[in-house]
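S.K.: Residue numbers (our numbering), protein chains in the order written: chain X, 1 to 407; chain C, 408 to 814; chain E, 815 to 1221; chain S, 1222 to 1628.
We put the beta carbon where it would ideally sit given N, CA and C, even for glycine.
Values in this document were obtained by computation on a predicted structure and should not be read as measured data.
I have a structure I would like to understand better, so I am pasting it below and will then ask my questions one at a time.
Protein chains: 4
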Amino acid sequence: MFRKTNETKVMRDPVHGYIHVDYGIIWKCINTAWFQRLRRIRQLGGAHMVYHAADHTRFTHSLGVYEIVRRMVNEVPDLRDALDEKEKITVMLAGLLHDLGHGPYSHTFEKIIRGSHEEYTCRIIEEGTEITELLEAECPGLAKEVADVIRHTSKNPLLPQLVSGQLDADRMDYLLRDAYFTGTKYGEFDLERILRTLRVSDSKVVVKESGIYAVENYIMARYHMYWQVYYHPVCRSYESMLNSLFLRLQDLYRAGNMPVVPAGFRALAEARVLTLEEYFLLDEYTCGYGFAVLKDAEDPVVRDLASRVQDRRLFAYEENNADAVRRVQEALEGAGYDPRYYFAMDEVGQRPYVPYSNDGSAPIWIRVHGGEIKEISEASTIVSSLVNGPVLRDDRIFYPAEIKSLL
Amino acid sequence: MFRKTNETKVMRDPVHGYIHVDYGIIWKCINTAWFQRLRRIRQLGGAHMVYHAADHTRFTHSLGVYEIVRRMVNEVPDLRDALDEKEKITVMLAGLLHDLGHGPYSHTFEKIIRGSHEEYTCRIIEEGTEITELLEAECPGLAKEVADVIRHTSKNPLLPQLVSGQLDADRMDYLLRDAYFTGTKYGEFDLERILRTLRVSDSKVVVKESGIYAVENYIMARYHMYWQVYYHPVCRSYESMLNSLFLRLQDLYRAGNMPVVPAGFRALAEARVLTLEEYFLLDEYTCGYGFAVLKDAEDPVVRDLASRVQDRRLFAYEENNADAVRRVQEALEGAGYDPRYYFAMDEVGQRPYVPYSNDGSAPIWIRVHGGEIKEISEASTIVSSLVNGPVLRDDRIFYPAEIKSLL
Amino acid sequence: MFRKTNETKVMRDPVHGYIHVDYGIIWKCINTAWFQRLRRIRQLGGAHMVYHAADHTRFTHSLGVYEIVRRMVNEVPDLRDALDEKEKITVMLAGLLHDLGHGPYSHTFEKIIRGSHEEYTCRIIEEGTEITELLEAECPGLAKEVADVIRHTSKNPLLPQLVSGQLDADRMDYLLRDAYFTGTKYGEFDLERILRTLRVSDSKVVVKESGIYAVENYIMARYHMYWQVYYHPVCRSYESMLNSLFLRLQDLYRAGNMPVVPAGFRALAEARVLTLEEYFLLDEYTCGYGFAVLKDAEDPVVRDLASRVQDRRLFAYEENNADAVRRVQEALEGAGYDPRYYFAMDEVGQRPYVPYSNDGSAPIWIRVHGGEIKEISEASTIVSSLVNGPVLRDDRIFYPAEIKSLL
Amino acid sequence: MFRKTNETKVMRDPVHGYIHVDYGIIWKCINTAWFQRLRRIRQLGGAHMVYHAADHTRFTHSLGVYEIVRRMVNEVPDLRDALDEKEKITVMLAGLLHDLGHGPYSHTFEKIIRGSHEEYTCRIIEEGTEITELLEAECPGLAKEVADVIRHTSKNPLLPQLVSGQLDADRMDYLLRDAYFTGTKYGEFDLERILRTLRVSDSKVVVKESGIYAVENYIMARYHMYWQVYYHPVCRSYESMLNSLFLRLQDLYRAGNMPVVPAGFRALAEARVLTLEEYFLLDEYTCGYGFAVLKDAEDPVVRDLASRVQDRRLFAYEENNADAVRRVQEALEGAGYDPRYYFAMDEVGQRPYVPYSNDGSAPIWIRVHGGEIKEISEASTIVSSLVNGPVLRDDRIFYPAEIKSLL
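The following block contains the structure:
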């Protein structure tokens, strides 16, 4: 039913060696304008402000997730047997397309727009774009089935586990990829070993006991990447400036003083659900150009924040406590900074692993010697220690470096 | 005289491990808006259209060149002794800043604007920007001395050899970096070995005979990177579309029909030497946004080319010969494509190494056992073979894939 | 006082790139017959029976430890300042020579001979060998000072911390090296980061808070290497066969029935403290040849065990519990195997990190923001969890695979 | 017909990630005493005297060759289709077993014994060892067919090309493996790319034109490994001492003065064809022990040479020319050294690639665009240059370092 490409098409990838494409529908989706748009969205929000080489995009990540799913359904004997051809293609497509709905600057952006990136992803897949047409032409109903994987509503419960469980192709690719492009070693783990020890039991994707060390390493890798990259204070400083700038634009819009901005930008300021046409235009090129334009805006706050963002003049930061907050707020007031835009606080805290996370993603299951299936914190002394130990927190406040002398 | 930073500042870099900064003036230059602008210029023109992960920027490359120069003047005993502190800082700054004048899309862009990137680099360094001010404040006359290294007019002939000879920090960084981010292995060579075998003789940077294999590898790496990355036909196809789009804009400008474009773009269409203010704005964000805007332009050629560029609908290509040219031109005419914008031909040819290249860069010198200095093709049988062997050529024509069925 | 080599001598090393030698005394020690003997002692006892490429030797490891110490005392500013030239050379020599006293098959061998490898190391350094002479010729008293570092009795308490603390050059080299040669990724950690964050406070080698993630990774690396390599059941099976063979030889010796064995071997069977002349001869070549000879011994137990060892016919293994022990012992009796030689049990258990270990090695100290020095389990939530969590155990019994059908 | 293992068995390998075994007969051959013997034969003769970590064995290399052959016949579509199951197993076995007949110290040893290692390999496969029995039990006639691949006498001419052509699994593994274990980068090339571009045309294994860069790199890698590793003068110095020692033993044997040596050793001195029982015992453990014993021999030349070999007191070397030879020979005479054992000269010369080598191995074929098959030097300008350029030579003489002061 599903057409194969003439010969396997391959794309060089620094993380996986090659991305292999065997099916025409995969190849066609890659060549759509919507998928190519992901070349204009970086994988990481502000981390390239700390790790200068981390300019890799959602495009490369999406290919990487697809490739891991492809290997899972081809190389893991249990999955090869448990899924039929249509399910395999459905889940490969879900891996490929799962981030289609991402906007610029990753999760920062999600705080600003209405709607999660998953919702936009499903709209792009189902609401009549070129991608919808390609999927439906290949097999009627396919668009919905791909979106169902992303929504965790597939008939076959194995499919969502491959792309959005706690040990899924998405996380495995981004850890390896972010480690590669930041140049840190924290995200490295033994993908080959994990793939080799995956099994299927009771409609669950499980790991054989002999893969437990590799999974422990994966959990530690994830934990360290959070602290060293995703939650790095410089990264959060940059994101808090982005946030302030958009907040100011929204306030100006509501006040009827909106400055001239690139088209896609305007929709953002209006803080409403976007049409897909608007959404298509919202990429990091538009934003980057918008910042350049806003450096000449009339409003001094917009002008200042746009310049900080573009020229990387970062907010300073320190530990969040009552005394620091008071000192900083006094200094801001003394220096005439509006704290609505020039003061931010955030709180991040994390356990290395939480068995039943509230995002609905499946826990990591281990099949121990003898055949019993255990949640990993019951099978690994290391993970058990980590789950029951204290939580690390890092709460910070952010403010213009210029007031440091006043503190 | 030159102030040191409090402690060595380091930035993680996937290629070199860390970039180390010891001098305040280096750190300050990195933090200028002009240097940060290089985050918005990719290292490679169109190669990310072939190698999807090759989104690395001139910013990372510039830091890498600086780091190699820093290692040269600190770790190569002959250079450590031959240069005084000011010369060391001058050449480190030249390594850091040598690409400041690059515009978007690498060398494609240089064909469109007036003036080479080296000229713009020297203007940015000398003509009163924040960078000029920082350099002059650190040491009067320093701006000119840094620019002199880039212009090959330094009093000390060693300095230009470190940043723009045939075996210089610039090429060594870009080969390693482009190999890393494309995921190819062709650009890898043994940097450590080359650094270990560098010596100074008669005001020349030379390589000890025991480093000759590493240099042979470097020459082969360079050769293979040219063919596999820089001259890849898909890369050249993308660049020829970019070129056509700008050509059309210039034609429209001359005809008085210029579409509305982002500010920086306009100056390009006018095909004149830019002011530094205009130049600052010309980055890949502006261009990327410009392509999005031009997809709605009135002129159908602009609209079509902008869409091909943005959505990666590449020109087809084949070998350049009289018969193919005739067939393609007939088909273009039949299908109503203006060959001025829809037909391109280019010719690339390359030897792995040319001792005395016409860009004035120093040849590679070998100090053989006994002390004599030889140009490498006289010291290496391999290089001698390559220099005297045939030249590989790859001449292509490019045209819209839509006419393939008419050929 | 201490003579430098003419120019830095370098040796290629896969783990560290190069080993650098600047001092004549280091170079001379490397070229002694005693140090060259380490080429004939593998780094790992039986792990090459699991990981077929793990044939690396104590020779390479000793060079690696030396190189890490050399980098510590040259590149860590606090150590560069805290130690004088003689102390630096002393501790580099201690790193280089610390494993001189190792015999074949690593720690298995230590169970068989009288005396620990540290004791033999100090004897070789101090009791009149070529090494003693070289050290004393370079600087009278130096031999004792090098041995003092190994005995933890140095006047300057920093020195032993560099070569035998919980975060020392010895462990850092062997984790990286064993990971490299086994081909596992478990032992990898970020050596560069740890070196960059080392400081000296109150005569302690401490890690700056920003290095805490790298140390957490190091602790996990060590933990995983123990389970995946050093405690691998196949490795323990091989070592238990070696142990049985030597036990049988000692029993035969006591009974006056000693078979003909290579010279060095005989001393082993006698179970006495060896002269250094005897010790010099005891390497893995002698043992390997000995096993070949013993395959023709008159005693059937010796013959059989030697053949199992040489041809890798491993003991089977299973979990140690009362029922299994009973079943196996019955089967051994039924099949006529002497359980003294054909049955082994061992118990291994391990926490990832124990702050105050009973081998006297220093705990890992962290200097937190503010300057306070904390033992790492008080500074890291991860390590705190691990220290307070359960202990993983793996208790096994080993027996000839031939009786499996009788169980 | 051929039994599969229960599940794929894997062995960790640093070069290939994992070695995969699917067939029972492969697994059984690995577990024979003859194959395990390869753990006691190093891959490289004397190179571990230069590159201290290069202790890897023929055992690991043989597994690696097998793994590359396994990938070729499973992953290269043309080969998967061209060969039947029996041919695939035959050639995998040939890859696995092709080095069975190697003795200690690689090719040095072949100069000393009668018979090439290929002859011994075929004898071990065909003359009634455990391996012969296993092969014949699996499929009568299989032993001869495996040996035929090694002898280049297979009915299907594809089979020998996979294990002993100029671009075969043997060379591909040893280049990668020797690069890994020496820590040099010279031997690295892009195995994945080569495998991806292999095709079958006219009973020839050919490379698609798009793989030509990867093959050029492979040729350069091979060339550089020869000069940097296999022909390194220190390596040749060590091998010339080994050679002298065995020469002296043979002379003593002929004179009836043979010292007491380990059993296997004796056969060597007799310079006759060995029985397989004798050959089995001849490994590097026997030799290593033999050197230790010979340090106490009565004959002073034997004693001295054995000590030089064991303690790595290398012969000095210099360029071979008439003047040097005369000076060295005079000095040897003056100092009382017998030049038969204390003077060696060797001449090595090499082109990077010779299309039709005299060992009968197939040249490298390229299938160019259009389908024509060309020998690579007709398809690659680089290789053409190298084939027609000059030959690099390195002719040396070797003698005891002690006479240097007399020169």
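#1: Could you tell me which chain S residues have their CB closer than 9 angstroms to the CB of glutamate 779 of chain C, listed as they occur along the chain?
#2: Tell me, please, whether the segment 797-814 of chain C touches the segment 726-743 of chain C by the rule of three or more beta-carbon pairs shorter than 8 angstroms.
#3: Give, in chain order, every unbroken run of the beta strand (DSSP E) that is at least 3 residues long and sits entirely within the segment 730-787 of chain C.
#4: Check the Cβ of valine 205 of chain X against every Cβ in chain S and list those closer than 9 angstroms, keeping chain order.
#5: I need the straight-line Cα distance from isoleucine 1587 of chain S to histidine 1445 of chain S, nearest angstrom please.
#6: Considering only residues of the same chain and omitting the five flanking positions on each side of glycine 24 of chain X, which have a CB-CB separation below 6 angstroms?
#7: So, threonine 693 of chain C versus proline 669 of chain C, is the Cβ gap smaller than 8 angstroms?
#8: Taking 8 angstroms as the threshold, find out whether the segment 1170-1189 of chain E comes into contact with the segment 1198-1217 of chain E through three or more Cβ pairs.
#9: Ignoring anything shorter than 4 residues or poking outside the segment 882-965 of chain E, list the alpha helix (DSSP H) runs there in chain order.
#10: Within 8 angstroms (strictly less), CB to CB, does tyrosine 620 of chain C reach chain S?
#11: Identify whether glycine 1238 of chain S lies in helix, strand or coil by the three-state DSSP scheme.
#12: Could you work out which residues of chain S lie near aspartate 597 of chain C, taking near to mean beta carbons separated by less than 7 angstroms?
#13: Name the DSSP beta bridge partners of isoleucine 1618 of chain S, please?
#14: Within 8 angstroms of any Cβ in chain C, is that where the Cβ of histidine 1445 of chain S sits?
#15: Does arginine 1533 of chain S have its Cβ less than 8 angstroms from a Cβ in chain E?
#16: Return the CA-CA distance between tyrosine 120 of chain X and arginine 272 of chain X, expressed in angstroms with no decimal places.
#17: Quick check: tryptophan 1255 of chain S and isoleucine 1333 of chain S, are their CB atoms within less than 8 angstroms of each other?
#18: Based on Cα-Cα distance, which residue from C:Leu659, C:Asn727, C:Gln657, C:Tyr637 lies nearest to tyrosine 512 of chain C?
#19: So with CB distances below 8 angstroms, who are the chain D contacts of threonine 1100 of chain E?
#20: Within the same chain, show all residues whose beta-carbon is closer than 7 angstroms to that of valine 1530 of chain S, passing over the 5 residues directly before and after it, in chain order.
#21: Say whether chain X places a C-beta atom closer than 8 angstroms to the C-beta of glutamate 945 of chain E.
#22: Using a Cβ cut-off of 7 angstroms, pull out every chain S residue sitting near leucine 799 of chain C, in sequence order please.
#23: Which residues of chain X have a Cβ atom closer than 7 angstroms to the Cβ of tryptophan 841 of chain E, listed in chain order?
#24: Which residue from E:Gly915, E:Leu1128, E:Ile1187, E:Glu1112 puts its Cα closest to that of aspartate 1097 of chain E?
#25: Start and end of the beta strand (DSSP E) containing valine 607 of chain C?
#26: Let me check one thing: in DSSP terms, what residues is lysine 1429 of chain S bridge-paired to?
#27: Cβ closer than 9 angstroms: which chain X residues qualify as neighbours of methionine 1034 of chain E?
#28: On the three-state DSSP scale, how would you describe asparagine 1609 of chain S?
#29: I believe alanine 82 of chain X touches leucine 158 of chain X by the beta-carbon criterion, under 8 angstroms. Please report the beta-carbon distance rounded to the nearest angstrom.
#30: Could you check how far apart the C-beta atoms of threonine 1418 of chain S and tyrosine 1272 of chain S are, in whole angstroms? I think they sit under 8 angstroms.
#31: Below 8 angstroms, how does it come out for the segment 1520-1528 of chain S and the segment 1373-1390 of chain S: are there three or more Cβ pairs, yes or no?
#32: Taking C-beta pairs closer than 7 angstroms, name the residues in chain C that glutamine 1387 of chain S reaches, listed in chain order.
#33: Please list, in chain order, the chain S residues whose beta carbon lies closer than 7 angstroms to that of tyrosine 1067 of chain E.
#34: Please state whether DSSP places lysine 295 of chain X in a helix, a strand or coil.
#35: Check whether chain C comes within 8 angstroms of glycine 878 of chain E, counting only Cβ atoms and requiring the distance to be less than that.
#36: On a Cα-Cα basis, can you pick out the residue from E:Val977, E:Pro1047, E:Val1116 that is closest to tyrosine 1067 of chain E?
M.R.: Result, derived from the coordinates:
#1: Chain S residues near glutamate 779 of chain C: none, gap ~15 angstroms exceeds 9 angstroms.
#2: Yes, they touch.
#3: Qualifying beta strand (DSSP E) stretches, in chain order: 751-757, 772-774, 780-782.
#4: Scanning chain S for C-beta atoms nearer than 9 angstroms to the C-beta of valine 205 of chain X yields nothing, as the closest lies near 18 angstroms away.
#5: Cα to Cα, the separation comes out at about 22 angstroms.
#6: Only Arg3, Thr5 meet the Cβ criterion.
#7: Result yes, Cβ atoms of threonine 693 of chain C and proline 669 of chain C sit closer than 8 angstroms.
#8: As far as the Cβ criterion goes, the segment 1170-1189 of chain E does not touch the segment 1198-1217 of chain E, which means the pair count is below three.
#9: If we require 4 residues or more, the alpha helix (DSSP H) runs fully inside the segment 882-965 of chain E come out as 891-896, 899-911, 920-926, 931-940, 944-952, 956-964.
#10: Taking Cβ atoms only, chain S reaches closer than 8 angstroms to tyrosine 620 of chain C, which makes this a yes.
#11: The three-state secondary structure of glycine 1238 of chain S, taken from DSSP, is strand.
#12: Residues of chain S passing the Cβ test: Lys1406.
#13: Bridge partners of isoleucine 1618 of chain S: S:Glu1539, S:Met1566.
#14: Yes, histidine 1445 of chain S lies at the interface with chain C (some Cβ there is under 8 angstroms from its Cβ).
#15: Closer than 8 angstroms: yes.
#16: About 13 angstroms.
#17: Taking 8 angstroms as the Cβ cut-off, tryptophan 1255 of chain S and isoleucine 1333 of chain S do not qualify as a contacting pair.
#18: Of C:Leu659, C:Asn727, C:Gln657, C:Tyr637, the smallest CA-CA separation from tyrosine 512 of chain C is found for C:Tyr637.
#19: Of the protein chains in the structure, X, C, E and S, none is chain D.
#20: Here valine 1530 of chain S has Met1462, Leu1463, Leu1466, Phe1512 as same chain residues with Cβ atoms under 7 angstroms from its own Cβ, once five neighbours each way along the sequence are excluded.
#21: The residue asked about is misnamed: residue 945 of chain E is isoleucine in this sequence, not glutamate. With 8 angstroms as the cut-off, isoleucine 945 of chain E does not count as an interface residue toward chain X.
#22: Thr1602, listed in chain order.
#23: What tryptophan 841 of chain E touches in chain X: nothing, since even the nearest Cβ is about 33 angstroms away.
#24: Here the closest residue by C-alpha is E:Gly915.
#25: Its beta strand (DSSP E) spans residues 605-608.
#26: By DSSP's assignment, lysine 1429 of chain S forms a beta bridge with S:Arg1588.
#27: Chain X residues near methionine 1034 of chain E: Glu216, Asn217, Met220, Ile382.
#28: Note: asparagine 1609 of chain S maps to helix in three-state DSSP.
#29: Going by Cβ atoms, the distance from alanine 82 of chain X to leucine 158 of chain X rounds to 6 angstroms, so yes, they are a contact pair.
#30: 31 angstroms between Cβ atoms; not a contact.
#31: At 8 angstroms Cβ cutoff, the stretches do not touch.
#32: Residues of chain C passing the Cβ test: none, with the nearest at roughly 18 angstroms.
#33: Within 7 angstroms of the CB of tyrosine 1067 of chain E, no CB atom of chain S is found; the nearest one sits about 20 angstroms away.
#34: Note: lysine 295 of chain X maps to coil in three-state DSSP.
#35: No, its Cβ sits nowhere closer than 8 angstroms to a Cβ of chain C.
#36: Closest in alpha carbon position to tyrosine 1067 of chain E, among E:Val977, E:Pro1047, E:Val1116, is E:Val1116.
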